[in-house]
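Here the first sequence is numbered in my numbering, starting from 3 and rising by one per residue. Below: the structure, in structure tokens.
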Amino acid sequence: MIFSTMVFVSLSPLLNPKSKTKFFPNRNQTYSPLSLNSSFLNKSDHRPPPSSSTLHSSPSSTPQGCRTRFHPCPSSSVSPPARITHSRSAASTQGSLYRHASHSPSTSAMCSGDPNIVLQPLCRVQTGLVQMYSNCGFLVEAAKVFDEMPDRSTVTWNVFITGLIKWGEVGLAHSVFDLMSARSIVSWTLVIDGYTRTNQSVKAFTLFRKMVQVDGIEPTEVTLLTIFPAIANLGSIKICQSVHGYAEKRGFNAFDIRITNALIDLYAKCGCIESASRLFREIPDHRKNSVSWTSVMSVFAMNGMGREAVESFEIMEKAGLRPNAVTFLSVLSACSHGGLVEEGLKFFNKMVNDYQLVPDIKHYGCLIDMLGRAGRVTMKILEIERGHGGDYVLMSNILTGAGRFKDAERIREMLDKRIAFKLPGCSVV
DNA sequence: ATAGGGTTAG
Numbered sequence: 003m004i005f006s007t008m009v010f011v012s013l014s015p016l017l018n019p020k021s022k023t024k025f026f027p028n029r030n031q032t033y034s035p036l037s038l039n040s041s042f043l044n045k046s047d048h049r050p051p052p053s054s055s056t057l058h059s060s061p062s063s064t065p066q067g068c069r070t071r072f073h074p075c076p077s078s079s080v081s082p083p084a085r086i087t088h089s090r091s092a093a094s095t096q097g098s099l100y101r102h103a104s105h106s107p108s109t110s111a112m113c114s115g116d117p118n119i120v121l122q123p124l125c126r127v128q129t130g131l132v133q134m135y136s137n138c139g140f141l142v143e144a145a146k147v148f149d150e151m152p153d154r155s156t157v158t159w160n161v162f163i164t165g166l167i168k169w170g171e172v173g174l175a176h177s178v179f180d181l182m183s184a185r186s187i188v189s190w191t192l193v194i195d196g197y198t199r200t201n202q203s204v205k206a207f208t209l210f211r212k213m214v215q216v217d218g219i220e221p222t223e224v225t226l227l228t229i230f231p232a233i234a235n236l237g238s239i240k241i242c243q244s245v246h247g248y249a250e251k252r253g254f255n256a257f258d259i260r261i262t263n264a265l266i267d268l269y270a271k272c273g274c275i276e277s278a279s280r281l282f283r284e285i286p287d288h289r290k291n292s293v294s295w296t297s298v299m300s301v302f303a304m305n306g307m308g309r310e311a312v313e314s315f316e317i318m319e320k321a322g323l324r325p326n327a328v329t330f331l332s333v334l335s336a337c338s339h340g341g342l343v344e345e346g347l348k349f350f351n352k353m354v355n356d357y358q359l360v361p362d363i364k365h366y367g368c369l370i371d372m373l374g375r376a377g378r379v380t381m382k383i384l385e386i387e388r389g390h391g392g393d394y395v396l397m398s399n400i401l402t403g404a405g406r407f408k409d410a411e412r413i414r415e416m417l418d419k420r421i422a423f424k425l426p427g428c429s430v431v
């Protein structure tokens with residue numbers, strides 16, 4: 003079939019054994035998923051060294067700037083023993099699914115010879131295979147199954163595109179997307195999302211615009227939430243406004259609080275504080291959730307409006323909404339920028355004691371920044387830490403990173419003393 | 001059967 007050949011050609015980099023290693027950068031042992039008792043995917047365990055040129059046809063493959071969850075590590079997410087287990091079940095599943103198909107309720111229909119009904123279960127099984135391989139990072143295997151499928155549904159294509167994007171092959175995913183004859187909104191969203199997450203904002207927005215303007219396809223709320231970070235990255239208030247208008251016109255804004263919250267953030271990042279806070283004010287109170295408040299607090303934080311952020315926090319709390327770690331980060335950042343040291347410390351206390359939230363490096367970063375402006379850095383932080391069993395080592399590392407070797411040294415000493423003090427206590431118990 | 005992050009320091 004011509005179509006199949008086209009797909010094959012476009013996937014040839016994936017099917018090229020030389021490119022295999024690229025997908026398993028952390029793999030320290032090689033074995034194939036179906037090698038145990040499958041012959042239809044013949045794998046070699048002795049592959050030539052990676053040849054990046056076979057795949058890097060465009061800079062889009064560059065993983066730099068990608069968010070981490072975008073590039074799960076194959077060897078950590080799927081451990082070798084699990085893989086072997088998986089391999090066995092994959093191979094046996096294949097058989098059992100086929101058996102299942104022959105005993106399924108549609109057996110009579112299949113016997114009647116209706117090709118559509120016969121093909122559907124096969125397509126689904128193979129789609130499942132493509133998905134399984136894609137999720138595990140076995141893109142070559144996924145491509146092979148995909149290529150050899152006699153019949154592919156839109157879901158098959160989407161599943162394969164998902165796999166390619168998940169493992170950083172956005173450019174390749176786009177090529178596959180281009181070959182589709184019937185793209186669903188999921189297909190578009192996937193590729194746009196791939197570009198957004200790899201910081202290819204122009205490509206993301208170009209594709210989004212093509213989808214809406216040329217192909218006349220309506221985005222879903224997921225598509226919009228996907229395109230917002232790209233627009234924020236472009237920093238264009240004009241695009242921000244036009245997308246906002248679109249969302250408003252289609253009713254997204256009214257029916258999905260997530261869209262409104264994301265728009266607040268988008269306006270702020272495009273430098274339009276007034277629009278951001280107006281958008282927030284226009285949300286009916288009963289629809290405001292903690293993310294809405296957090297978003298508006300971060301708008302205040304960006305502009306040194308500490309008082310307003312503190313005030314927002316209090317209103318939010320009174321409304322019975324529970325702040326999370328991000329909420330506290332916003333308010334701490336606002337306190338830091340607004341010079342509200344006492345308030346900032348109070349919020350940090352509240353976070354740890356009242357809400358039992360564990361501060362991370364960003365919270366400490368805010369604290370350091372805040373206290374750094376006021377002087378007295380180390381002792382103040384240690385006061386907090388002593389009360390709440392915080393992480394001295396983390397603190398010490400932060401200070402070392404900031405060039406405060408002397409302070410870091412002192413913290414280590416205190417840590418040692420603390421351990422020395424604690425040990426006898428433990429032995430009594 | 002397929003997307004599925006509202007908000008994350010400096």
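Don't be surprised by glycine CBs; every beta carbon is placed ideally from N, CA and C.
Please name the residue in K352, V354, R324 and L369 whose C-alpha comes closest to that of A336.
L369
Identify the continuous alpha helix (DSSP H) that holds K168 and give its terminal residues.
T156 to K168
Kindly give me the distance between the Cβ atoms of T222 and I187, rounded to whole angstroms, as I take these residues to be in contact under 8 Å.
Yes, they are in contact, since the Cβ atoms of T222 and I187 sit about 6 Å apart, within 8 Å.
Is there contact between the stretch 197-208 and the stretch 226-239, where contact requires at least three CB pairs shorter than 8 Å?
yes
Quick check on DSSP: helix, strand or coil for G346?
helix
What three-state label does DSSP hand M151 in the structure shown?
coil
Can you list, in chain order, the residues of its chain with a C-beta nearer than 6 Å to that of Q133? Leave out the 5 residues immediately preceding and following it.
V161
By how many angstroms is the C-alpha of V142 removed from the C-alpha of H48?
With a pLDDT of only 30 at H48, under 50, the local geometry of the prediction cannot be trusted, and the value read off the model is given with reservation. Those two C-alpha atoms are separated by around 15 Å.
Tell me which same chain residues have a C-beta within less than 8 Å of the C-beta of I229, skipping the five on either side of it?
I194, T198, A206, F207, F210, P221 and V245
Below 8 Å on the Cβ atoms is my guess for F315 versus H365; work out the distance and round it to an integer in Å.
Their Cβ separation, rounded to whole angstroms, is 15 Å, which puts F315 and H365 out of contact at 8 Å.
Buried or exposed: which applies to G322, given that a residue is buried once 16 or more other Cβ atoms fall within 10 Å of its Cβ?
So G322 counts as exposed.
Between which two residues does the alpha helix (DSSP H) containing Q243 stretch?
I239 to K251
Please classify R378: is it buried, with 16 or more other beta-carbons within 10 angstroms of its beta-carbon, or exposed?
exposed
Does DSSP put N351 in a helix, a strand or coil?
helix
When the distance is taken between beta carbons, is F179 closer than 8 Å to I163?
Their beta carbons are under 8 Å apart, which means I163 touches F179 by this criterion.
Determine the DSSP secondary structure at E284, reduced to helix, strand or coil.
coil
With DSSP collapsed to three states, give me the class of V333.
helix
Can you tell me which of A303, N326 and M213 puts its alpha carbon nearest to the alpha carbon of D339?
Before going on, a small fix: residue 339 reads as His here, not Asp. Out of A303, N326 and M213, A303 has the C-alpha closest to the C-alpha of H339.
Expressed to the nearest angstrom, what Euclidean distance is found between the alpha-carbon atoms of I266 and P152?
47 Å
Helix, strand or coil: which one does DSSP assign to I266?
It is helical.
So which of F257, F254, H288 and N305 has the shortest CA-CA distance to A278?
Ranking F257, F254, H288 and N305 by Cα distance to A278 puts N305 first.
Assign I317 to one of three DSSP states: helix, strand, or coil.
helix
Compute the distance between the beta-carbons of L373 and V328, then report whether it is under 8 Å.
no
On the premise that I167 lies in contact with G196, defined as a C-beta separation below 8 Å, what is that separation, rounded to the nearest angstrom?
4 Å
Less than 8 Å separating the beta-carbons of R252 and L227?
no
So F257 is in the alpha helix (DSSP H); what residue range does that whole segment cover?
F254 to F257
Could you round the C-beta distance between S292 and R324 to whole angstroms and report it? I think they count as a contact, below 8 Å.
S292 to R324, Cβ: 6 Å. Contact.
Where does K271 land, buried or exposed, given buried means 16+ other C-beta within 10 angstroms?
buried
Would you mind stating whether H255 and A264 have Cβ atoms separated by less than 8 Å?
In the sequence as presented, His is not what sits at residue 255; that position holds Asn. With contacts defined as CB atoms closer than 8 Å, N255 and A264 fail to qualify as a contacting pair.
What span of residues does the alpha helix (DSSP H) with Y197 cover, start to end?
I187 to R199
In its own chain, which residues sit with a C-beta less than 6 Å from the C-beta of M213, not counting the 5 before and 5 after it?
W190 and I219
Need the endpoints of the alpha helix (DSSP H) that T228 sits in, please.
E223 to L236
Using the beta-carbon count (16 or more within 10 Å), is S183 buried or exposed?
exposed
What whole-angstrom Cβ distance do V301 and I275 have, given they're in contact under 8 Å?
6 Å
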